[in-house]
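Chemist: Structure incoming, see below.
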Amino acid sequence: MRDPLEFKDAVDRHVLAVEALRTGPYAPPWTGCADPGHSSSGDDFAVVVLRRSQGFWEAEDDGSIRDATREEFETELWGVVLALEKRWGPHVTVSAAPAYERRDQEGRHLPPLFEALRELGFDDLRVWEADGRSIAVGMGQAHREEPFVLLAAATGSPGGFDLTGGAAGTGA
Numbered sequence: 016m017r018d019p020l021e022f023k024d025a026v027d028r029h030v031l032a033v034e035a036l037r038t039g040p041y042a043p044p045w046t047g048c049a050d051p052g053h054s055s056s057g058d059d060f061a062v063v064v065l066r067r068s069q070g071f072w073e074a075e076d077d078g079s080i081r082d083a084t085r086e087e088f089e090t091e092l093w094g095v096v097l098a099l100e101k102r103w104g105p106h107v108t109v110s111a112a113p114a115y116e117r118r119d120q121e122g123r124h125l126p127p128l129f130e131a132l133r134e135l136g137f138d139d140l141r142v143w144e145a146d147g148r149s150i151a152v153g154m155g156q157a158h159r160e161e162p163f164v165l166l167a168a169a170t171g172s173p174g175g176f177d178l179t180g181g182a183a184g185t186g187a
């Protein structure tokens, strides 16, 4: 089990990194970036890895290490979400599933922002609108053996993180 002070310190660092994405440039270097090699940016977006676990390629792992790591990352994600809700109010949940399905079925290309997120294996993003930018946090794992990542993203593009052309998602 993780030390509560270590957890609080990690959440505080991640919130500072998200705040820097809200106000700073999209280009690196990024405050709080744990993995510049897997983070990315474009003219109107940045996707920053805040934390990255070890991979799960070891044959002797029966899944318990992976499960414990997932739980730790989910807990940290929700710590960040709750802290950001105190600042910006309720989030909207945006699912990547519809965009991935269209991409697979229709051969559509994803915009660069979503391609960067797809490479990190994200499912759902928790999204806020703040000061002209859409800000998101989420967790991903590209494949079962790959590391978990805790990520933050920001975009100033019209529509933000909405891939459907309609409402951004559902509150949750």
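Residue numbers (this note's numbering): 16 to 187.
All C-beta atoms in this analysis are idealised placements derived from N, C-alpha and C, irrespective of residue type, glycine included.
Computed from a predicted model, the values in this text were never measured in an experiment.
1. Ala42: which of Pro105, Arg67 and Phe60 sits nearest, CA to CA?
2. Run the CB neighbour count on Gly180, radius 10 Å, all protein chains shown included, and call it buried at 16 or more, exposed below.
3. So Ala83 is in the alpha helix (DSSP H); what residue range does that whole segment cover?
4. Taking the alpha carbon of Pro51 as the reference point, which residue from Leu135, Thr170 and Gly175 has its own alpha carbon closest?
5. Quick one: grab the DSSP three-state call for Ala38.
6. Could you compute how far the alpha carbon of Glu87 sits from the alpha carbon of Gln120?
7. According to DSSP, simplified to helix, strand and coil, what is Phe176?
8. Suppose you measure from the CA of Gly104 to the CA of Asp139; what does that come to, to the nearest Å?
9. Contact criterion: CB-CB distance below 8 Å. Does Gly175 meet it with respect to chain B?
10. Determine whether the beta carbon atoms of Gly47 and Leu65 lie at a separation below 8 Å.
11. Around the Cβ of Arg148, are there at least 16 other Cβ atoms within 10 angstroms (buried) or fewer (exposed)?
12. Using only CA atoms, which one of Leu128, Ala145, His29 and Glu75 lies nearest to Thr90?
13. Report yes if the CB atom of Ala151 is closer than 8 Å to the CB atom of Val142, and no otherwise.
14. Leaving out five residues before and five after Ala111 in sequence, what residues of the same chain have Cβ atoms less than 8 Å from its Cβ?
15. Hey, out of Asp27, His53, Pro40 and Arg85, whose CA is closest to Arg159's CA?
16. Can you tell me where the beta strand (DSSP E) with Phe129 in it begins and where it stops?
17. I need the straight-line Cα distance from Glu116 to Leu99, nearest angstrom please.
Modeler: According to the structure data:
1. Phe60
2. With a pLDDT of 48 at Gly180, under the threshold of 50, the modelled position of that residue is not reliable, and the figure given next carries that caveat. Label assigned to Gly180: exposed.
3. Ser79 to Trp103
4. Leu135
5. Before going on, a small fix: residue 38 reads as Thr here, not Ala. DSSP places Thr38 in helix when its eight states are reduced to three.
6. 34 Å
7. coil
8. 18 Å
9. The question asks about chain B, but that chain is absent: this structure has only one protein chain.
10. yes
11. buried
12. His29
13. yes
14. Phe129, Leu132, Arg133, Phe137, Asp138, Asp139, Leu140 and Leu178
15. Arg85
16. Careful: Phe129 lies outside any beta strand (DSSP E), inside the alpha helix (DSSP H) at Pro127 to Glu134.
17. 30 Å
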